[in-house]
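Protein sequence lines, in the order shown, are assigned to chains A and B.
Under this note's numbering, think of the first position of the first sequence as 3, with each following residue one higher.
Under this note's numbering, think of the first position of the second sequence as 3, with each following residue one higher.
Glycine included, each C-beta is placed from N, C-alpha and C at the ideal position.
2 protein chains.
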Amino acid sequence: MARVFNFSAGPAALPETVLKQAQAELLDFHGSGMSILEMSHRSVTYQRVIDHAEESLRSLMDISDEYAVLFFQGGATLQFAGVPMNLMYSGRAGYYISGHFAQAAWREASKYGEAVVLGSSEKSSFDHIPALGEGLDPVFSPVTWCAPDIDQSLDYAYICENNTIFGTEWHELPNTGAVPLVSDVSSCFLAKPVQMERYGLLYAGAQKNAGPAGVTMVIVRRDLISDGPALDYCPSYLDYGTQDAKGSMLNTPNTFGIYLCGLVFDWIAEQGGLAAMEKRNRSKASLIYGALDDSSLFRGTARPDSRSMMNATFTTGDAALDAEFVVEAEKHGLVGLKGHRLVGGMRASLYNAVPYEAVEELASFMQSFEADHSSACCSDRRSL
Amino acid sequence: MARVFNFSAGPAALPETVLKQAQAELLDFHGSGMSILEMSHRSVTYQRVIDHAEESLRSLMDISDEYAVLFFQGGATLQFAGVPMNLMYSGRAGYYISGHFAQAAWREASKYGEAVVLGSSEKSSFDHIPALGEGLDPVFSPVTWCAPDIDQSLDYAYICENNTIFGTEWHELPNTGAVPLVSDVSSCFLAKPVQMERYGLLYAGAQKNAGPAGVTMVIVRRDLISDGPALDYCPSYLDYGTQDAKGSMLNTPNTFGIYLCGLVFDWIAEQGGLAAMEKRNRSKASLIYGALDDSSLFRGTARPDSRSMMNATFTTGDAALDAEFVVEAEKHGLVGLKGHRLVGGMRASLYNAVPYEAVEELASFMQSFEADHSSACCSDRRSL
Numbered sequence: 003m004a005r006v007f008n009f010s011a012g013p014a015a016l017p018e019t020v021l022k023q024a025q026a027e028l029l030d031f032h033g034s035g036m037s038i039l040e041m042s043h044r045s046v047t048y049q050r051v052i053d054h055a056e057e058s059l060r061s062l063m064d065i066s067d068e069y070a071v072l073f074f075q076g077g078a079t080l081q082f083a084g085v086p087m088n089l090m091y092s093g094r095a096g097y098y099i100s101g102h103f104a105q106a107a108w109r110e111a112s113k114y115g116e117a118v119v120l121g122s123s124e125k126s127s128f129d130h131i132p133a134l135g136e137g138l139d140p141v142f143s144p145v146t147w148c149a150p151d152i153d154q155s156l157d158y159a160y161i162c163e164n165n166t167i168f169g170t171e172w173h174e175l176p177n178t179g180a181v182p183l184v185s186d187v188s189s190c191f192l193a194k195p196v197q198m199e200r201y202g203l204l205y206a207g208a209q210k211n212a213g214p215a216g217v218t219m220v221i222v223r224r225d226l227i228s229d230g231p232a233l234d235y236c237p238s239y240l241d242y243g244t245q246d247a248k249g250s251m252l253n254t255p256n257t258f259g260i261y262l263c264g265l266v267f268d269w270i271a272e273q274g275g276l277a278a279m280e281k282r283n284r285s286k287a288s289l290i291y292g293a294l295d296d297s298s299l300f301r302g303t304a305r306p307d308s309r310s311m312m313n314a315t316f317t318t319g320d321a322a323l324d325a326e327f328v329v330e331a332e333k334h335g336l337v338g339l340k341g342h343r344l345v346g347g348m349r350a351s352l353y354n355a356v357p358y359e360a361v362e363e364l365a366s367f368m369q370s371f372e373a374d375h376s377s378a379c380c381s382d383r384r385s386l
Numbered sequence: 003m004a005r006v007f008n009f010s011a012g013p014a015a016l017p018e019t020v021l022k023q024a025q026a027e028l029l030d031f032h033g034s035g036m037s038i039l040e041m042s043h044r045s046v047t048y049q050r051v052i053d054h055a056e057e058s059l060r061s062l063m064d065i066s067d068e069y070a071v072l073f074f075q076g077g078a079t080l081q082f083a084g085v086p087m088n089l090m091y092s093g094r095a096g097y098y099i100s101g102h103f104a105q106a107a108w109r110e111a112s113k114y115g116e117a118v119v120l121g122s123s124e125k126s127s128f129d130h131i132p133a134l135g136e137g138l139d140p141v142f143s144p145v146t147w148c149a150p151d152i153d154q155s156l157d158y159a160y161i162c163e164n165n166t167i168f169g170t171e172w173h174e175l176p177n178t179g180a181v182p183l184v185s186d187v188s189s190c191f192l193a194k195p196v197q198m199e200r201y202g203l204l205y206a207g208a209q210k211n212a213g214p215a216g217v218t219m220v221i222v223r224r225d226l227i228s229d230g231p232a233l234d235y236c237p238s239y240l241d242y243g244t245q246d247a248k249g250s251m252l253n254t255p256n257t258f259g260i261y262l263c264g265l266v267f268d269w270i271a272e273q274g275g276l277a278a279m280e281k282r283n284r285s286k287a288s289l290i291y292g293a294l295d296d297s298s299l300f301r302g303t304a305r306p307d308s309r310s311m312m313n314a315t316f317t318t319g320d321a322a323l324d325a326e327f328v329v330e331a332e333k334h335g336l337v338g339l340k341g342h343r344l345v346g347g348m349r350a351s352l353y354n355a356v357p358y359e360a361v362e363e364l365a366s367f368m369q370s371f372e373a374d375h376s377s378a379c380c381s382d383r384r385s386l
């Protein structure tokens, strides 16, 4: 079958050239007579693969040696525990609750110490990025602590920078002063240039913008992990300092996944790097949000000031019609558009590997769907 | 380049037919118009993939519903923490120290409770499987507790069933009475039929006998995990009960890795299942150990009664000659034979996907190497 346009939230579209290269060399990696899948992680050849992936990522994001670049397994969910276990030295950290995964990270952190809510947009169904102090009441936390400024004694302040499910994004990072900012960037990783110096730690599951499921990158300021993990019972596997000393190979890493991430990093560099990615991503987002704003059938579910460049969530307001749209779109080769069950409706994920043409195709399909349904829609409305 | 004979200890040889199938369908999985690498783990198509992998594994190993079959990431090393965090309800478990990874698991467990050493063969460089009570002194544990029988109040008794580095294997499982036996079977997984009812839990990194690096199977008696994890601070990701309830998809799993494991499971079934694997593995092991016993240049490093069917460790006794052997073997297309640094010498891993012809080739090469070096060797010895 011809390749479809894949709008999945993750695992998600990968660059076709990367897939073709992986396919071509799958049985014989660089003349080694074996697959990369069969190769010892301790071999000289594989060491080059992981070193190259790290260097390529450092180059893309302009990451200095002040930061460790670590390749983990277990997804963001494992890092929900890894972050507090490594960084909660004094036992208290702050969390902005901007969506499902931020909330899950906060709940997990609460196992390991005091996880203070800094702001939450849950009351408005996470349709925007919360302000400091917003929405705090005992529902969110046994500790209702908040303050006009971030308490400088916190071990870190945590955000989920792009909320995949709700289609919102932090357009300005919060000012945390000297408190290290920890950011889950899973669904906006490598989508635009970043100011690394603003972060104490950022991490990302690969399966959205960087590669296949099964690899998580943790990029962390080395001074934050030089004393060993904050908590004695942190599993050795999750000990950032140990993994840094071992070059992410305390044990066998996801060798194939890291290889594929390296190919994606190279592809991004060939496309012009993160600035070029941002330009293209902004075009795609403008196109889809423009289509939503122009539509009288569809509307975006995120507040315009919080709209994500990566995940556009929208609905007709009619669950049956939404379902019909998803089914019809799939027949037109536009797949993965069903929204998350927590929001309903539709979601178009516009990651780096989703081409502009895919979004054009989607916008055009939305128009024709609207044309086909506007009379029905209007007569329905009249009959109400 | 033609495919080499790959004797790597892991990641290791995979069946060529599996690699070819993965290659053929890498850009379009079953007519979906996308790669399996790009497919949502929540899609109907992927659900079939993971369900099939689980069913195929259950069928191969004859695993009843009394056991959960879980797919994790993070390797055996993460399970070194996962096992005690889930099962150490009373805070005390027993460990047999039969090699490097058993020792690492014991050290990790000591973070979470009292990890009692049941027996250790460290004093003889782990060249055999230890007996109960063997080798216990304060070097091994702050607790030197031992007893003629296994204390029935232990939460579990732990073994590493095949010691990849030292080339030894438990040929008879220890009698643990009612204490659940926990076994790290990473390097003997699927090599022969198992009596599941003997185990409370077994787990295996895939990258030896089951697939690529990045997948770990945990097979655990459901009654052991029905009360939630033993320790409150167990990361949600590592909570066996939660992962069982979520079908190993609390979060995005290593989708590609599990798919590939499923193909390997199917391949094993097509070959005749675990009984056929055992027959072939025994032939390969007999061939290599026979060659070692017949040799006056090479000798096995494991005690004959503890020899592993999967990893044959051997040496000439001369580090320079060992190094020469490894280099020369590689020129003959026999790769991955360098022993682990803790043992030195050579190691031939004879996993399921290593064909009998590879071992014939190796045995034949050992003979010719011996013929070429026997005069030099003897003259060297005379000159001493």
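Residue from the options whose Cα sits closest to the Cα of residue i
i: residue 238/B; options: 52/A, 76/A and 282/A; result: 76/A
i: residue 232/A; options: 357/A, 114/A and 364/A; result: 114/A
i: residue 266/B; options: 16/B, 36/B and 311/B; result: 16/B
i: residue 186/B; options: 41/B, 226/B, 168/B and 205/B; result: 205/B
i: residue 253/B; options: 74/B, 27/B, 53/B and 11/B; result: 74/B
i: residue 262/A; options: 342/A, 313/A, 303/A and 208/A; result: 208/A
i: residue 125/B; options: 156/B, 116/B and 136/B; result: 136/B
Distance between residue j and residue i (C-alpha atoms, nearest Å)
i: residue 275/B; j: residue 191/B; result: 13 Å
i: residue 107/A; j: residue 83/A; result: 8 Å
i: residue 219/B; j: residue 376/B; result: 46 Å
i: residue 359/A; j: residue 38/A; result: 33 Å
i: residue 18/A; j: residue 272/A; result: 14 Å
i: residue 243/A; j: residue 251/A; result: 12 Å
i: residue 103/B; j: residue 363/A; result: 53 Å
i: residue 30/B; j: residue 36/B; result: 5 Å
i: residue 227/A; j: residue 249/A; result: 14 Å
i: residue 277/A; j: residue 317/A; result: 31 Å
i: residue 269/B; j: residue 20/B; result: 7 Å
i: residue 109/A; j: residue 98/A; result: 12 Å
i: residue 33/B; j: residue 200/A; result: 44 Å
Unbroken alpha helix (DSSP H) run spanning residue i, endpoints
i: residue 282/B; result: 275 to 296
i: residue 317/B; result: Unbroken run through residue 317/B is the beta strand (DSSP E), 313 to 317; no alpha helix (DSSP H).
i: residue 73/A; result: Looking at the DSSP string, residue 73/A is not in any alpha helix (DSSP H); the run it does join, the beta strand (DSSP E), is 69 to 74.
i: residue 353/A; result: It is not in any alpha helix (DSSP H) - residue 353/A carries neither H nor E in the DSSP assignment.
i: residue 243/B; result: 242 to 247
i: residue 185/A; result: Not the alpha helix (DSSP H): residue 185/A falls in the beta strand (DSSP E), residues 183 to 186.
i: residue 48/A; result: 46 to 63
Extent of the continuous beta strand (DSSP E) to which residue i belongs
i: residue 97/A; result: 94 to 99
i: residue 159/A; result: 159 to 162
i: residue 339/A; result: No beta strand (DSSP E) holds residue 339/A; DSSP gives it neither H nor E.
i: residue 116/B; result: 116 to 122
i: residue 6/A; result: Counting along the chain, residue 6/A falls outside any beta strand (DSSP E), and DSSP gives it neither H nor E.
Partner residues on chain A for residue i, Cβ-Cβ distance less than 9 Å
i: residue 21/B; result: 28, 29, 37, 39 and 40
i: residue 6/B; result: 34, 35 and 36
Partners in chain B for residue i, counting only beta-carbon separations shorter than 8 Å
i: residue 194/A; result: What residue 194/A touches in chain B: nothing, since even the nearest Cβ is about 22 Å away.
i: residue 189/A; result: Neighbours of residue 189/A on chain B: none; closest Cβ ~12 Å, over 8 Å.
Chain-ordered chain A contacts of residue i [CB-CB under 7 Å]
i: residue 310/B; result: In chain order: nothing, as chain A lies at least about 18 Å away.
i: residue 2/B; result: Chain B is shown from 3 up to 386; residue 2/B falls before or after that span and cannot be answered.
Under 8 Å from the C-beta of residue i: neighbouring residues of chain A
i: residue 234/B; result: 113
i: residue 332/B; result: Per Cβ cutoff of 8 Å: no residues; residue 332/B is ~10 Å from chain A at best.
i: residue 110/B; result: 237 and 238
Residue i: contacting residues in chain B (beta-carbon distance under 9 Å)
i: residue 80/A; result: 75, 76, 80, 237, 238, 239, 240 and 253
i: residue 164/A; result: Correct list: empty, because the minimum Cβ distance to chain B is about 16 Å.
i: residue 92/A; result: Simply none; closest approach about 17 Å.
- Query: Within the chosen definition, does the segment 56 to 68 of chain B reach the segment 40 to 48 of chain B through at least 3 CB pairs nearer than 8 Å?
  - Reply: Below 8 Å, too few C-beta pairs join the segment 56 to 68 of chain B and the segment 40 to 48 of chain B to call them touching: fewer than three.
- Are the segment 281 to 299 of chain A and the segment 352 to 371 of chain A touching by the rule of at least three beta carbon pairs closer than 8 Å? yes
- Are the segment 90 to 101 of chain A and the segment 246 to 259 of chain A touching, with three or more C-beta to C-beta distances below 8 Å? no
- Okay, do the segment 4 to 11 of chain B and the segment 323 to 343 of chain B touch, 3+ Cβ pairs below 8 Å being the bar? yes
- Message: Check whether the segment 299 to 307 of chain B and the segment 120 to 140 of chain B are in contact - that is, three or more C-beta pairs closer than 8 Å.
- Response: With a cut-off of 8 Å, the segment 120 to 140 of chain B and the segment 299 to 307 of chain B count as touching, because enough Cβ pairs lie within range.
- Tell me, please, whether the segment 172 to 183 of chain B touches the segment 151 to 160 of chain B by the rule of three or more beta-carbon pairs shorter than 8 Å. yes
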